[in-house]
Structure formats: C-alpha cells, structure tokens
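Below is one structure; the comments refer to it alone.
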Amino acid sequence: MSERLELPPKYYLDYFTYLLAFVRRFYLNLLTDDEKEFLQDFDQLSENAQCLFIRFTNRRVAFFRVRKIKYPEIDNWAEALLELENKGFVARLSDYHQNRAGEILDIFSKPEVLGFAKQLALETKGKASLKKDEVSDWLLESVPFPDLASYIDQSEPVVKVNYEAQTMLFKFLFFGNRHADMSEFVVRDLGHIRFERFDEDRFVPHFTSREEVEDRLKVSLAAEDFHLMKTAETDPLEINTWFLDWYENHVPLAEIAQPSLDRLMLKIAGFMERQKKLEEALVLFRMTTAPPSRERQVRLLMKLKDPEAATALAEEMLINPFNADEQFFAIDFQNQQAAQGQKKRARKSTTEWLLKSESVTIDVSWRYRVEEGVAEYFRAQGKQAVHTENFLFDGLFGLLFWDIIFDAGSSAIHHPLQRSPSDIYKPTFFEKRRPALLDRLDLLENKADTFHFLEAVFEEKYGISNPLVVWFPELLTLVKIAVEKIPAELLKKLLIEMATNVREHTRGFPDLFVWDETSYDFIEVKSPTDHLSPQQLYWLRFFETTGIRSKVLRVVWGYDQ
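As numbered in our numbering, residues 396 to 956 make up the sequence shown, in order.
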C-alpha cells in the first residue's frame with residue numbers, strides 16, 4: 396500500500412508566492428501601477444495575514460462570515476483579519492456593497508434570511524415555501540439595503556475580500572486561462588496528476604502585450620456572463636442584444652483572443668438556433684468561419700428559404716473544407732440538391748460506405764458491448780483482437796514525438812503545470828516542428844531502434860500528463876505490435892497526417908485492432924442502429940488509399956433458437 400502524501404499546513408502560501416514571483420519575472424512590464432502596488436503591499440503583510448488573504452482568494456465567493464472563519468494553521472486569525480482590514484485587503488460590509496447584495500445573502504441559509512426579515516419587522520407568512528433565491532429577492536425588494544447591511548453587520552460581521560481584479564489577473568497570467576486554478580498545484584504535489592518537467596529558464600510568456608492579456612480576459616469573462624445568463628433563463632433575444640453590443644464595443648481583438656472568441660460565438664449562435672431564433676443565429680454564425688459555422692449556415696439558409704446562398708456556401712466548403720465534417724457535408728449537400736432536381740433520394744457518403752461494407756453475425760447478448768462481441772468473434776478464429784479506437788495511434792504519436800511535442804523551443808511552454816503545449820491544436824503545431832517530426836519518422840525504418848526508443852519513453856514518462864496518451868500497462872505492447880505489422884512507409888504517412896491537424900486527426904480511428912502472425916486489420920464496428928461519422932469515413936478512405944488494412948463490419952444480431 397502506497398504511503399499517503401500530505402501537504403504542509405501552509406502549502407497554499409508557497410503556491411501563491413510562487414505564482415506572484417512568476418508574474419514578477421515574466422509579466423512585470425505589463426502590470427499597472429495598482430497591480431505593482433498590490434505586490435509590494437502583499438509582501439509587507441505578516442505571514443498569517445498573507446495566509447488568511449490567500450484562503451479568501453482561493454474561494455469562489457467574495458464575502459465571508461467572520462464567525463465561520465476557521466483555519467487551524469493560522470495562529471490568531473482574528474489578529475490577521477484585523478491586519479487585512481487595516482491595510483485594505485478586506486472591508487467590512489457597508490452601503491458600498493449594494494450592487495452585490497445578492498452575493499451577500501448567498502452566504503446565509505434560507506432560514507437565516509427569513510430570520511433577517513422577521514428582525515426587520517417584515518411579515519414572512521407564506522415565504523417559507525419559496526426557494527432561497529426568491530426569498531432573497533423579496534427581502535432585497537422590501538428593505539432598503541443600508542438598513543439590511545447595518546443589521547447584518549451588527550448581528551454577525553461580514554467581510555469582503557478586496558483586490559479581486561488583481562488576484563484574478565495574476566492567476567490568469569500564470570495559467571493563461573480562467574479554467575485552471577490553484578488546485579492544479581495540489582493535484583501535482585499529491586501525485587494525482589504528473590506534469591512534464593521543464594527548464595523554467597526556457598519558459599516563454601503566454602502574453603506579449605497588455606492588449607493581449609486584456610483581450611483574452613475580456614472574452615473569458617464574456618463567456619462566463621453568457622453561461623450565467625443562460626443558466627438564469629434570460630430571454631434569448633436579450634442575450635443576443637447583449638452579445639452584439641459587446642462585440643461592437645470590443646472587436647477587433649488581439650490574435651491570441653480570436654480562438655476563444657470563435658468558440659464563444661459558436662456557443663451563442665448554437666444556443667440561438669436551439670431557441671428557434673434562426674435569423675439571429677445566422678447572423679452570429681456568419682461572424683466566424685470556425686467549424687461548424689459554415690455547415691450551420693447552410694442548414695439555416697435552407698430553413699430560411701434561401702437555397703442559392705446555401706448552395707454557394709456549400710461550394711466554398713467543398714473547395715476548401717476545414718475538416719472532414721465540412722468536406723462530407725458539402726458533398727452530401729450537393730448530391731442531395733442534384734437528386735431533388737431529378738426527384739431522386741440521395742444517400743449520405745457515410746451511408747453509402749456503410750451499405751457496401753461486410754456484415755458479421757454475433758449473438759444479441761452483445762447488444763450493449765457490440766465492439767467486444769465482434770472482438771470475441773475474431774478471437775474464436777484464433778486471432779488477437781483489442782478495442783483500441785483512438786488510443787492506439789494517439790499513443791504511438793504521443794510516445795514517438797514526446798520530446799518534440801513538449802519542446803520548450805516551440806514557444807508554447809509557458810508555466811510548469813501545462814498538460815500540453817499551447818499550440819498543440821493550432822495549425823502552427825506542424826509547421827514549427829516539421830523538420831524534427833520528419834527526422835524522427837526515419838526511426839521507423841529500423842524496427843529494433845523504434846522499439847528501443849518507445850520502450851525508453853514509455854518507462855521514463857509513464858503517468859505524465861500528455862493529451863494524446865492514455866496510460867495503461869499494455870499500451871506499449873499494442874503500439875509495438877502496430878509498428879511491427881504496419882509497413883514503415885504507411886505508418887509515416889499516417890503520422891504526418893495526424894501532425895498536420897492534431898485537433899481533428901486524433902479522433903475517428905476504427906474501433907478494433909485485429910491481428911495474427913501473418914496479417915492485421917483495423918475494424919470499424921457498426922451495430923444495426925449506428926452510423927459512420929464523417930471523421931470515421933475520413934480515416935477509412937485515408938487507410939484505403941494509403942494501403943493500411945481496414946474495413947467496416949456491420950453487425951447483424953443472431954438469436955438463439
């Protein structure tokens with residue numbers, strides 16, 4: 396049994412001071428005077444005051460009930476709290492916090508809020524059946540906020556943590572996004588996730604200008620606002636107006652913020668489409684070309700009775716598809732339009748491929764484990780069969796190119812807690828690493844050298860986070876079998892194809908890897924109710940033209956008589 400790891404009592408102080416030192420080292424020239432002043436003032440706090448402030452900032456709330464503060468590792472927390480208040484790091488509840496009244500009541504229970512109402516001489520009959528938010532809204536509508544704040548402060552002191560914008564910015568500068576938080580340090584040090592180790596002298600700042608920082612942050616905060624509005628069931632047209640106003644006031648943005656903006660626009664446009672606001676959705680989809688924008692535009696244009704515009708856009712997609720989904724959608728759309736003119740019914744490319752495939756009969760008892768049922772069918776014939784799907788080729792890619800993926804010279808490694816380089820899903824990934832990738836592929840010409848290399852990487856890196864590697868003991872064996880069975884020239888073509896578009900080309904691989912002493916096959920398994928996806932068809936066609944053995948097997952259920 397492995398020994399349980401324990402963190403030192405004030406582990407979070409070490410993490411936060413490391414983060415601040417990181418910000419000083421890489422981003423001091425981008426900070427405002429107020430932000431630099433915060434760094435200086437924080438340094439001057441006592442250790443206990445620093446710890447209490449960090450405890451506050453690591454929470455998702457801004458207001459705290461003083462009597463509920465309990466941190467055993469902080470000696471005399473009351474004294475530390477007074478120090479924070481005297482130096483402006485926290486503030487007592489006051490009229491100034493009226494615009495955040497809802498947040499204040501959120502830290503109390505519904506019975507406590509009803510208790511406030513009674514003490515303020517309000518009639519609470521019938522209010523107990525309301526939801527907590529409804530009770531809070533009623534109280535705030537019924538009592539002037541200064542009266543409520545004064546009562547709460549007298550009955551139970553509440554403090555608000557200050558410097559929210561500064562601490563948020565420092566974390567954003569370190570992680571490069573709003574998703575990660577200080578818990579990443581914890582999961583690393585407890586061994587829950589292992590990160591690749593980097594030479595910190597080779598870190599490259601994620602942001603090179605204040606404009607980049609602010610633009611990327613603006614989009615992140617707008618995405619959070621959209622999520623809150625959607626959760627609150629805000630009227631879709633109101634959301635649409637809000638975003639168009641936001642867009643007009645903030646765009647154009649720095650290039651680094653554009654991918655995040657594209658994702659946000661796709662989310663909002665998709666939301667509007669699901670809400671049946673078709674014209675509004677079309678406008679939003681037209682504001683980005685990121686997939687599946689063009690496909691959704693074609694579909695919306697057809698619903699809005701504009702087939703000419705839909706056809707023109709589909710032709711653009713066919714000439715220059717951004718991924719397999721666009722490619723086969725455009726093909727199918729054109730075939731469908733042509734068939735309608737001839738009063739025929741056109742089949743999708745994926746359906747055509749599926750219909751011409753072979754079939755196999757397996758017992759219906761495998762209905763909910765269809766891939767394993769087909770694997771057992773091949774095992775009964777004396778073959779080896781494993782359900783590999785994406786992890787086989789992704790694993791080979793990740794192991795073979797590990798050092799190239801995480802190359803600090805790629806300018807895509809920014810901090811010590813990165814699970815992947817920041818450019819792994821960008822078009823620049825392949826271009827920046829092309830010489831190194833092509834050189835490494837030559838290793839495949841000698842299988843013994845390839846096996847030795849893969850074994851060394853597997854042993855050294857086992858368990859370290861890599862977006863392409865799913866760790867389990869048998870992975871290396873399966874990867875080596877694939878390298879042995881697939882001719883080197885074919886494997887090179889496959890890996891280059893993956894490298895040119897890591898986002899799209901690391902998914903959609905066939906379900907099963909089947910082999911014996913003389914041959915191998917990659918099998919895409921389809922139950923009677925299943926369909927091929929465009930990306931699956933993409934790889935099947937690639938395998939066919941390249942010469943890698945693969946096929947689709949349609950399952951037919953067999954029933955015991």
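Glycine included, C-beta positions come from ideal geometry on N, C-alpha and C.
What you are looking at is a predicted structure, and each value in this text was computed from that prediction instead of being measured.
Same chain, Cβ closer than 7 Å to residue i, neighbours up to 5 away in sequence not counted
i, result
"Gln-956", "Interpretation of Gln-956 is limited by its pLDDT of 43, a score under 50 that renders its predicted location unreliable; the figure taken from the coordinates is listed afterwards. Around Gln-956: no qualifying Cβ."
"Asp-657", "Thr-683 and Ala-685"
"Leu-935", "Trp-748, Glu-919, Ser-945 and Val-947"
"Lys-721", "Reading off the sequence shown, one finds Glu at residue 721, where the question assumed Lys. Only Pro-686, Arg-689, Glu-690 and Met-712 meet the Cβ criterion."
"Glu-612", "Looking at the sequence itself, residue 612 is Leu, so the reference to Glu does not match. Hits under 7 Å: Phe-567."
"Asp-542", "Leu-515"
"Leu-885", "Thr-941, Gly-942 and Ile-943"
Candidates the options, of which the one nearest residue i by Cα
i, options, result
"Lys-482", "Glu-432, Leu-500 and Ile-464", "Glu-432"
"Lys-405", "Lys-743, Ser-531 and Cys-446", "Cys-446"
"Asp-727", "Lys-698, Lys-751 and Val-693", "Val-693"
"Pro-631", "Ala-705, Ala-676 and Gln-493", "Ala-676"
"Gln-776", "Lys-842, Asp-701, Asp-911 and Ala-725", "Asp-911"
"Glu-854", "Ser-817, Thr-941, Thr-872 and Ser-806", "Thr-872"
"Phe-511", "Glu-480, Tyr-915, Tyr-546 and Ala-523", "Tyr-546"
"Pro-830", "Tyr-407, Ser-578 and Phe-796", "Phe-796"
"Asp-906", "Ser-914, Ala-894 and Lys-921", "Lys-921"
"Gln-930", "Asn-896, Glu-674 and Gln-731", "Asn-896"
"Leu-500", "Gln-561, Ser-531 and Asn-572", "Ser-531"
"Ser-754", "Thr-452, Gly-942 and Pro-923", "Pro-923"
"Gly-804", "Leu-812, Asp-818 and Leu-476", "Asp-818"
"Asp-925", "Val-765, Ala-575, Phe-598 and Lys-827", "Val-765"
"Thr-756", "Thr-745, Gly-768, Thr-746 and Leu-750", "Gly-768"
"Ser-578", "Leu-408, Ala-770, Tyr-820 and Asp-436", "Leu-408"
"Val-614", "Leu-661, Glu-442, Val-582 and Glu-628", "Leu-661"
"Ser-806", "Asp-640, Asp-620, Phe-593 and Phe-846", "Phe-593"
Check whether residue i and residue j have beta carbons under 7 Å apart
i, j, result
"Phe-680", "Ala-664", "yes"
"Phe-904", "Asn-785", "yes"
"Leu-832", "Ile-808", "no"
"Lys-527", "Thr-519", "no"
"Phe-458", "Ile-502", "yes"
"Leu-870", "Phe-792", "no"
"Phe-773", "Val-950", "no"
"Ala-894", "Phe-788", "no"
"Ala-883", "Leu-839", "yes"
"Arg-450", "Tyr-466", "yes"
"Ala-444", "Ala-475", "yes"
"Val-759", "Tyr-954", "yes"
Same chain, Cβ closer than 8 Å to residue i, neighbours up to 5 away in sequence not counted
i, result
"Met-396", "Confidence in Met-396 is poor, its pLDDT being 43 and thus under 50, which makes the residue's placement too unreliable to answer from."
"Asn-557", "Gly-483, Phe-484, Val-485 and Ala-486"
"Ala-652", "Glu-607, Asp-610, Arg-611, Lys-613 and Val-614"
Secondary structure of residue i, DSSP reduced to three states
i, result
"Ser-960", "With the chain represented from 396 up to 956, any question about residue 960 goes unanswered, as that position is not in the structure."
"Trp-952", "strand"
"Asp-542", "helix"
"Ala-486", "strand"
"Asp-470", "coil"
"Ser-754", "strand"
"Gln-747", "According to the sequence shown, residue 747 is Glu rather than Gln. Glu-747 falls in the helix class under three-state DSSP."
"Lys-431", "helix"
"Glu-507", "helix"
"Ala-664", "helix"
"Val-599", "coil"
"Met-396", "The predicted model places Met-396 with a pLDDT of 43, which falls under 50 and marks its position as unreliable; any figure quoted below should be read in that light. Coil at Met-396, not helix or strand."
"Trp-866", "coil"
"Tyr-820", "coil"
"Val-947", "strand"
"Val-646", "coil"
"Tyr-407", "helix"
"Phe-717", "coil"
Proximity test, Cβ basis, 7 Å: residue i and chain D
i, result
"Ala-486", "Looking at the structure shown, chain D is missing, and only one protein chain is on hand."
Nearest-angstrom Cβ-Cβ length linking residue i and residue j, presumed shorter than 8 Å
i, j, result
"Ala-496", "Phe-540", "6 Å"
"Leu-961", "Val-538", "Given a span of 396 to 956 for the chain in the structure shown, any question on residue 961 remains unanswerable."
"Ala-719", "Tyr-933", "4 Å"
"Glu-551", "Arg-460", "6 Å"
"Leu-568", "Val-418", "5 Å"
"Leu-673", "Leu-695", "6 Å"
"Ala-733", "Arg-740", "Their Cβ separation, rounded to whole angstroms, is 11 Å, which puts Ala-733 and Arg-740 out of contact at 8 Å."
"Leu-890", "Leu-836", "6 Å"
6 Å CB neighbourhood of residue i in its chain, flanking five on each side removed
i, result
"Ala-649", "Glu-606, Glu-607 and Asp-610"
"Phe-580", "Tyr-410"
"Lys-778", "Val-909 and Asp-911"
"Tyr-413", "none"
"Lys-888", "Thr-941"
"Phe-666", "none"
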